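Student: Residue numbering for the first sequence follows the numbering used here, beginning at 238 and increasing consecutively.
Even glycine gets a Cβ: it sits at the ideal position worked out from N, Cα and C.
Since the structure is predicted, the reported quantities are computational estimates derived from the model, not experimental observations.
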Amino acid sequence: MTVTRFAPSPTGYIHIGNLRTALFNYLIARKTGGTFILRLDDTDRERSKEEYADGIKRDLEWLGLHWDRVERQSDRLDRYAEMAQFLRGAGRFYECFETPTELDLKRKKQLNMGKPPVYDRAALALDDDARAKMRAEGREGYWRFLLDQQRIEWTDGILGPISIDAASVSDPVLIRADGQVLYTFASSVDDMDMGVTHIVRGADHVTNTATQIQIIEAMGGTAPSFAHHSLLTGAQGEALSKRLGTLSLRDLRAQGVERMALLSLMARLGSSQPVELRADLDEIAEGFDLSQFGAAPTKFDAEDLWPLTRAHVQALPVEAMADELAAVGVPADLAPAFWDVARANVTRRGDVAQWWALCRDGAEPLVDSEDAGFIAEAFKLLPPPPYGPTSWSEWTNAVKAATGRKGKTLFMPLRKAVTGMDHGPDMAALMPLLQKVPGRG
RNA sequence: GGCCCGUUCGUCUAUCGGUUAGGACGUCAGGUUUUCAACCUGAAAAGAGGGGUUCGACUCCCCUACGGGCUGCCA
238 MTVTRFAPSP TGYIHIGNLR TALFNYLIAR KTGGTFILRL DDTDRERSKE EYADGIKRDL
298 EWLGLHWDRV ERQSDRLDRY AEMAQFLRGA GRFYECFETP TELDLKRKKQ LNMGKPPVYD
358 RAALALDDDA RAKMRAEGRE GYWRFLLDQQ RIEWTDGILG PISIDAASVS DPVLIRADGQ
418 VLYTFASSVD DMDMGVTHIV RGADHVTNTA TQIQIIEAMG GTAPSFAHHS LLTGAQGEAL
478 SKRLGTLSLR DLRAQGVERM ALLSLMARLG SSQPVELRAD LDEIAEGFDL SQFGAAPTKF
538 DAEDLWPLTR AHVQALPVEA MADELAAVGV PADLAPAFWD VARANVTRRG DVAQWWALCR
598 DGAEPLVDSE DAGFIAEAFK LLPPPPYGPT SWSEWTNAVK AATGRKGKTL FMPLRKAVTG
658 MDHGPDMAAL MPLLQKVPGR G
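(1) Thinking C-alpha only, which one of 284, 292, 300 is nearest residue 517?
(2) How about residue 741 and residue 240: are their beta carbons less than 7 angstroms apart?
(3) Which runs of the alpha helix (DSSP H) spanning at least 4 residues fall entirely within the region 603-666, listed in chain order?
(4) Is residue 340 helix, strand or coil by DSSP?
(5) I need the boundaries of the alpha helix (DSSP H) containing residue 549, first residue and last residue.
(6) Round the Cβ separation of residue 728 and residue 353 to the nearest angstrom and send it over; I've been treating them as touching at under 8 angstroms.
(7) With residue 589 as the anchor, note down where its alpha helix (DSSP H) starts and where it stops.
(8) Helix, strand or coil: how does DSSP classify residue 283 here?
(9) With a 10 Å radius around its C-beta and 16 neighbouring C-beta atoms as the bar for buried, classify residue 252 as buried or exposed.
(10) Once DSSP output is grouped into helix, strand and coil, what is the label at residue 679?
(11) Quick test of the definition: if touching needs 3 or more C-beta pairs under 8 angstroms, does the region 500-516 touch the region 524-531?
(12) Would a C-beta distance cut-off of 7 angstroms place residue 668 and residue 630 closer than the cut-off?
(13) For residue 440, collect the residues of the same chain with a Cβ closer than 7 angstroms to its Cβ; drop the 5 residues on either side in sequence, then sort them by chain order.
(14) Below 8 angstroms CB to CB, which residues in the same chain sit around residue 321 once its five sequence neighbours on both sides are set aside?
(15) Tell me whether residue 329, by its Cβ, gets closer than 6 angstroms to a heavy atom of the ligand FAD.
(16) Does residue 567 come out as helix, strand or coil in the three-state DSSP assignment?
(17) Leaving out five residues before and five after residue 647 in sequence, what residues of the same chain have Cβ atoms less than 7 angstroms from its Cβ?
(18) Whole angstroms are fine: how far does the CA of residue 654 sit from the CA of residue 606?
(19) For residue 678, which residues in the same chain have their Cβ closer than 6 angstroms to its Cβ, ignoring the five residues on either side in sequence?
(20) By the DSSP assignment, the alpha helix (DSSP H) with residue 488 in it spans what residues?
(21) Going by the CB atoms, is the gap between residue 545 and residue 501 shorter than 7 angstroms?
(22) Is the region 285-305 in contact with the region 270-277, if contact means three or more CB pairs nearer than 8 angstroms?
(23) Give the range of the beta strand (DSSP E) segment to which residue 436 is assigned.
(24) I need the straight-line Cα distance from residue 683 to residue 324, nearest angstrom please.
(25) Is it the case that the region 384-402 contacts the region 439-459, given that we only count it when at least three CB pairs across the two stretches are under 8 angstroms?
(26) So residue 555 and residue 593 are supposed to be a Cβ contact under 8 angstroms. How far apart are they, rounded?
(27) Going by the CB atoms, is the gap between residue 443 and residue 407 shorter than 7 angstroms?
So this is what it looks like as structure tokens:
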């Protein structure tokens, strides 16, 4: 049984980077009929906010990434204390007393001497008396996990064989002086307890994986299989983290991006499979294959969402557009005809507003100076609305007979005069919807 | 500074030593269309640099450059 999880910390909303992680884990569970857990990693009491937890849930619901189970780390504090006690007994936890400032100083010294800034395990040498003395000085202990200094190896689902020397990594701090359990530990306990079988996360967690494998094994568990997807960069290759604020899911949604456009792109970007618009998550899951993803950082350009959004919106049946059409004031009886005319000329659902405004209010005629006389004459031949399906051809034929113009020089000035634009829906189909033509006459 | 990963058309990528280096999206041109969109046809477009190994290297090895990540009592 496959068990995956998406484990955001509720310190912000879902953005384009998180979304990829959530989607991959969802798809793996979905594809194999497994379980997808939403786990809120909220051990950081200061930064975690209920508002964000709710926001994350709403965003996942909008995307359609339904979870089978929800967990909160703040509900599991007793369990972490229990496993911490177990690891102390096993000699894998040791208490340290350096202050953050002291640690910072140590790192700087090491760096200056050209050495890697790895914790020197000074606290490991402390005996009971020394520890008592530290406490007497008012210092509060925090706890590190004693790494077994060997190479840690695993076969990554995306990166392939990875080997990291534990000696190049500091013993991770797992419990702070104020008792707060840190991510690396809570996550390891949870993944073990919840039977998580596959973890897909960003490449920023590769080093964590090395230590978490040891932590899970020290607790008597078996490490799940890991896969680390490349991180997204901006279109110019710059780190995306700086721009994440403008790429939150809610912003993209507010701009009119369609969820299937977003999901279709994210399920394929960075893989060798072509990006294709899919109709639903089942279709996306069907073709999803982690092994098709590359390890190189992936450039993400939000502009790529628009062609997919347009294709999705243009294929929508009128029923799916009912709310949007009603919102801009399209009468229900005109909706099907209007949507048929407008659909080929919209990218976002909201774009129908401008076309309906044209139909309802008419447009300021756009007349090139050399066409002024021609348009004046043409408008004399145009009866007032309402128009029928043959109005356009009747009018253009009449104008053609009266002026001798034909082809593009005939049609284009008329289009511009009637709609105020040089592009737009098919004129023959548009005419019957026009309720006003202000420039007429 | 140390550690991990990476570098093929504009973009995402294929190629498990021998290919006219393939596909998709985008771009451009032609066709169709009153326009836009859509559709059809076609085109341009790539192996970071330097050393090896080999009959032969995009592919294997080393170095350099560049990009990303980690190097927190954040996640």
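Tutor: According to the data block:
(1) Looking at the Cα atoms, 300 is the closest of the given residues.
(2) The requested residue 741 is not part of the displayed model; the chain covers only 238 to 678.
(3) If we require 4 residues or more, the alpha helix (DSSP H) runs fully inside the region 603-666 come out as 609-617, 628-640, 645-656.
(4) Secondary structure of residue 340 (DSSP, three-state): helix.
(5) Its alpha helix (DSSP H) spans residues 542-551.
(6) Look at the range of the chain in this structure, 238 to 678, and you will see that residue 728 is not part of it.
(7) Element bounds for residue 589: 589-598.
(8) DSSP places residue 283 in coil when its eight states are reduced to three.
(9) That one is buried.
(10) Any answer about residue 679 is impossible in this case: the structure gives the chain only from 238 up to 678.
(11) Touching, yes.
(12) Contact: no.
(13) Scanning its chain for C-beta atoms nearer than 7 angstroms, with the 5 sequence neighbours on each side dropped, one finds around residue 440 the residues 465, 466, 467, 468, in chain order.
(14) Around residue 321, the same chain offers 330, 380, 411, 412, 418, 422 as residues with beta carbons nearer than 8 angstroms, after the five sequence neighbours per side are excluded.
(15) The ligand FAD is not part of the structure shown, which contains no ligands of any sort.
(16) Coil, per DSSP.
(17) Answer for residue 647: 633, 636, 637, listed in chain order.
(18) Here the alpha carbons of residue 654 and residue 606 stand approximately 12 angstroms from one another.
(19) Its pLDDT being 45, under 50, residue 678 is placed unreliably by the model, and nothing is read from it.
(20) Unbroken alpha helix (DSSP H) run through residue 488: 486-491.
(21) A Cβ-Cβ contact shorter than 7 angstroms links residue 501 with residue 545.
(22) A contact exists between the region 285-305 and the region 270-277.
(23) Counting along the chain, the beta strand (DSSP E) containing residue 436 begins and ends at 435-439.
(24) The requested residue 683 is not part of the displayed model; the chain covers only 238 to 678.
(25) In short, these stretches touch, since the Cβ pair count reaches three.
(26) Incorrect: roughly 14 angstroms between the Cβ atoms, too far for contact.
(27) Going by beta carbons, residue 407 and residue 443 fall outside the 7 angstroms limit.
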